[in-house]
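Note sheet for the following structure.
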Amino acid sequence: MNKFLLPLFFLLFTVTAFAQISGKVTDVNGNPLGYVNIFIENTFTGTTSNDDGDYELNVTSADTYTIVFQFLGFKTIKKTVEIETFPYTLNTILEEEQISLSEVVINSNENPANKIMRAAIANRKSNLEKIKSYKADFYSRGLIRIKDAPEKILGQEVGDLGGGLDSTRSGIIYLSETISKLEFLQPDNLKERIIASKVSGNDNGFSFNAALDVDYNLYNNTVELGNEIVSPIADFAFNYYEYKLDGAFFDDRGNLINKIKVIPKRENDRIFSGYIYIVEDQWDIYALELEITGQQAQIPAADIITLSQNFSYSKANDIWALISQRIDFEYGIFGITGNGTFTAVYNNYLFNPIIETKDFGREVLSFENEANKKDSLYWAKIRPVPLTSEEISDYVKKDSIQILRESKPYLDSIDQVANKFNLFDIVSGYSFQNSYKDYRFGIGSPIGKVKFNTVQGFNSDIDLFFRKNYDEFRRYLNVSLNLNYGYSEDRWRPTAAIFYKFNNIQRNTLGLSGGVVATQFNGGLTSLPKLNSLYSLIAERNYLKIYENAFAQLSYSQELFNGLRASTTFSYQKRKPLFNNTDQVWFNNDDRDYSSNNPLDANAYGIAPLEEHHILKLSLNASITFGQKYMSYPDSKFNILNDKYPTLNIGYEKGFGSDISDYNYDQFKARLSQDINLGNKGDFKYNLKAGTFLNSDKIAFIDYQHFNGNQTNIGTSANYLDVFNNLPYYSMSTNKSYFEAHIEHDFSGYILGKVPLLNKLNYNLIIGAHALSTQNHTPYQELSVGIDNIGFGKLRFLRLDYVRSYQNGYEGDALIFGLKIFNFID
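Anchor point for the sequence shown: position 280 equals 933 in my numbering, and the numbering is continuous, going up by one each time.
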């Protein structure tokens, strides 16, 4: 038998062999119906049909069962069957539901939909709290397709994306399944134990389809989907939605179900549109079909996201519980388009068992041993939703060629194509890979690294690197060499580094580096070299101030236990001043000259800001993330920030052994930061810093505490929680005690979304306050108001802020043009 057909035959056989009750659901015209809920009456044992209309309902014993078929827009059907032998075939034809306004008696002039939704909103919290805790089985399947995949992106080969593409370069690029056990306790404790995980084409893969990522409870005021999206039954929903009663129908239990059309008041608010079905008198959610655009959710790559949920009633518990959920999406960016679906089924609920907060630790997700080693027989037996023909084909194709794709001849053939030199490599650099041995080395192009400053003139870098991965990237070795050449100095400065990551749990890393660099006095101004080149050559403003450092450094970091990470560095440094070597400029301005390279005095030409010296430096740092939760994958740990608690960083830095004794010092410092989610009102962030020096009266200016100022009117970060946008560089640098505070609130559409005309632009209003106090300077403050998410279509990387500063009264103001694209420019 053909090697390709054999696994296909085996898979189809096992699907049939283990299906207890199976069949097909169609409409009266014979068209298959996908996403039909099929469950045993008065239980939460059920499944859904796949896109081909096929379903499987696993039962354990021969008996008489009443099977319920429930699907929005169609009449619910119950079939009682007496089963003596398995497998048992039960096909079903569903008729369309007649949804009519005649079912509703309207006794007032008020919009009847408003009356229904007010009742649903009034009962929102009580319905939410009906399920104080639960245990349940969870199944999820994720599928992502791509259409017309490009063969190259930025000159680099894309490949066949795992073998899922057809001749048109379209097909499935991700298919996976998860079976897990859930435990939940109000208000937000959710623990998941994954017992089976499968990824198409990777028998060692672990699915990322977790219940934690799709926990969309519309009984909460908001749900997190890119941004916080306002629920149609939120307490404040009438500020965002209009409602229309499209009709009503009776379910199989005689409950009147109201079909409510959800209509956004403003098209770019963080809200849904679509339909929500409300149970009359009980005011629970019966089902929903809601969608949101990527623009509304501010997910640039997404075109549209559709959320569908279905609920079933438990008479014993008086609870309408979620039994199935589906997320469909379409995406497209930079010419890459596709779609995907994530389906979830909840089974075998146990409502309100005795669970206490102490039963939930910081670990929110874990895997059973051998969870990714389950064979086809296991999956055919336990999978609640049958595979479609497309999914079967993808599994068979990728699983059957996996061994081939991991073989040396195949990987060598792939590398042979990828390792070819092309013209774009002249700008981007060239790399060579050996996929079988999993290593890569290359050289960076100096063309893309050209910069300018008044000390080195035009300068550029040649980067050489080697990287070897172990254990699927859980461990790796990275070796790099950088050669920097300054044309005006006619000087090479080499540096080298070796870095090793030991594992993916504690993520302990060891690094050794050394060489000679021309570096900024304030190393925190990472974006200044990019801007300095343009400001210098065009405007004759050289804000970059640098010195030379010949160094050798050893560093180590490790997570000691969950929430606490420690790091240390020890270095020898030989530091000396540098001076301007060029006055080159593109547009000469007779009224302006370059400033000196002395950050203490712009006119101190030829005067050094420090004496040449050597020094030993030791730094000890600890990061404490309070309330940190985490997911445990085999041989890996992924931390999850908890916005209820802040992160505290504490550090100690010591300079000692200097040949200039006055340059020895001690510094203690701390930082407290937090990002607080305020639901529909946006995000509130703060970053507080404080520190003090000892024995530091005459230390080198390099070792002062420097603060990130900005004299360029250009912002280059996603937020301004670490910068004073109207403060001159080095004007507040100190070797004494200091306190620094940054606060920002991003309203995320809460304000501008309500302003006529402006709400069509989908901008975000951001306000900020910044303060700096040092022992030897007058306190400095800034207030700012800005607009973010500026741009066109999906390209929204601009931000505009007005900043007003005070120091002994009004100091000045500025407009800051935020270009977040600088984050992606090396």
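Using N, Cα and C, we set each Cβ at its ideal position, and we do this for glycine too.
| Asked | Found |
| --- | --- |
| Whole-number beta carbon distance between Arg919 and Asn1442, since they are thought to touch under 8 Å | No, Asn1442 and Arg919 are not in contact; Cβ-Cβ is about 15 Å, not under 8 Å. |
| Limits of the alpha helix (DSSP H) - the one that Ile774 falls within | Pro765 to Ala775 |
| Limits of the unbroken alpha helix (DSSP H) element including Gln949 | Gly947 to Ala950 |
| Boundaries of the alpha helix (DSSP H) in which Ile1079 is found, first to last residue | Asp1078 to Ser1081 |
| Straight-line gap, Pro765 to Val915 (C-alpha atoms, nearest Å) | 13 Å |
| Bridge partners - Asp1143, DSSP secondary structure assignment | Answer by DSSP bridge pairing: none, since Asp1143 is not bridged. |
| C-beta contact flag for Ile691 and Thr701 at 8 Å | yes |
| DSSP three-state assignment for Asn992, whether helix, strand or coil | strand |
| Cβ-based neighbour list, Thr1345, same chain, cut-off 6 Å, excluding 5 preceding and 5 following | Phe1321 and Ser1390 |
| Unbroken stretches of the beta strand (DSSP E), 3 residues or longer, contained in the segment 1326-1372 | 1336-1347 |
| Rounded distance between the beta-carbons of Ala1203 and Val1169, thought under 8 Å | 5 Å |
| Asn1202, enclosing alpha helix (DSSP H) - first and last residue | Here Asn1202 belongs to no alpha helix (DSSP H); instead the beta strand (DSSP E) covers Ile1199 to Phe1214. |
| For Ala849 and Ile1035, believed in contact at Cβ under 8 Å, the rounded distance | 7 Å |
| Any 3 or more C-beta pairs closer than 8 Å across the segment 1095-1111 and the segment 1056-1069 | no |
| Cβ pair count under 8 Å reaching 3, the segment 854-864 against the segment 1039-1058 | yes |
| Alpha carbon of Arg1120 to alpha carbon of Asn1131, nearest angstrom | 4 Å |
| Close beta carbons around Lys800, own chain, < 7 Å, minus the five adjacent residues each side | Ser823, Thr990 and Gly991 |
| Bridge partner(s) assigned by DSSP for Pro1230 | Tyr1200 |
| Spatial distance of Trp1145 from Ala1171 (CA atoms) | 10 Å |
| Inter-residue spacing [alpha-carbon to alpha-carbon] between Leu1117 and Tyr1153 | 17 Å |
| Beta-bridge pairing of Arg1218 - partner residues as DSSP gives them | Glu1212 and Ser1276 |
| Buried or exposed by the 16-neighbour rule on C-beta atoms within 10 Å, applied to Asn1175 | buried |
| Local Cβ density within 10 Å of Phe964, reported as buried at 16 or more and exposed below that | buried |
| Contact under 8 Å by Cβ, Phe1074 with Phe859 | no |
| Per DSSP, cross-strand counterpart(s) of Gln1086 | Arg1093 |
| Contact belief for Lys1338 with Leu1374 at Cβ below 8 Å, rounded distance in angstroms | 6 Å |
| For Tyr1316, the first and last residue of its enclosing beta strand (DSSP E) | It is not in any beta strand (DSSP E) - Tyr1316 carries neither H nor E in the DSSP assignment. |
| DSSP three-state assignment for Leu747, whether helix, strand or coil | strand |
| Exposure of Lys1050, with buried meaning 16 or more beta-carbon neighbours within 10 Å | buried |
| Buried/exposed call for Phe987, threshold 16 Cβ in 10 Å | exposed |
| Collapsed DSSP secondary structure at Thr701 in the structure displayed | strand |
| The segment 999-1013 touching the segment 734-748, judged by at least three CB pairs closer than 8 Å | no |
| Ala997: CB within 7 Å of a non-hydrogen atom of the ligand GTP | By its list of ligands, the structure shown contains no ligand whatsoever, and the ligand GTP lies outside what it can speak to. |
| Buried versus exposed call for Glu1009 [16 or more other C-beta atoms within 10 Å across all chains shown] | exposed |
| Residues near Glu750 by beta carbon distance below 7 Å, same chain, minus five either side | Gly726, Phe727, Lys728 and Phe902 |
| Spatially closest choice to Tyr1383 from Leu1425, Leu898 and Ser1029, by CA coordinates | Leu1425 |
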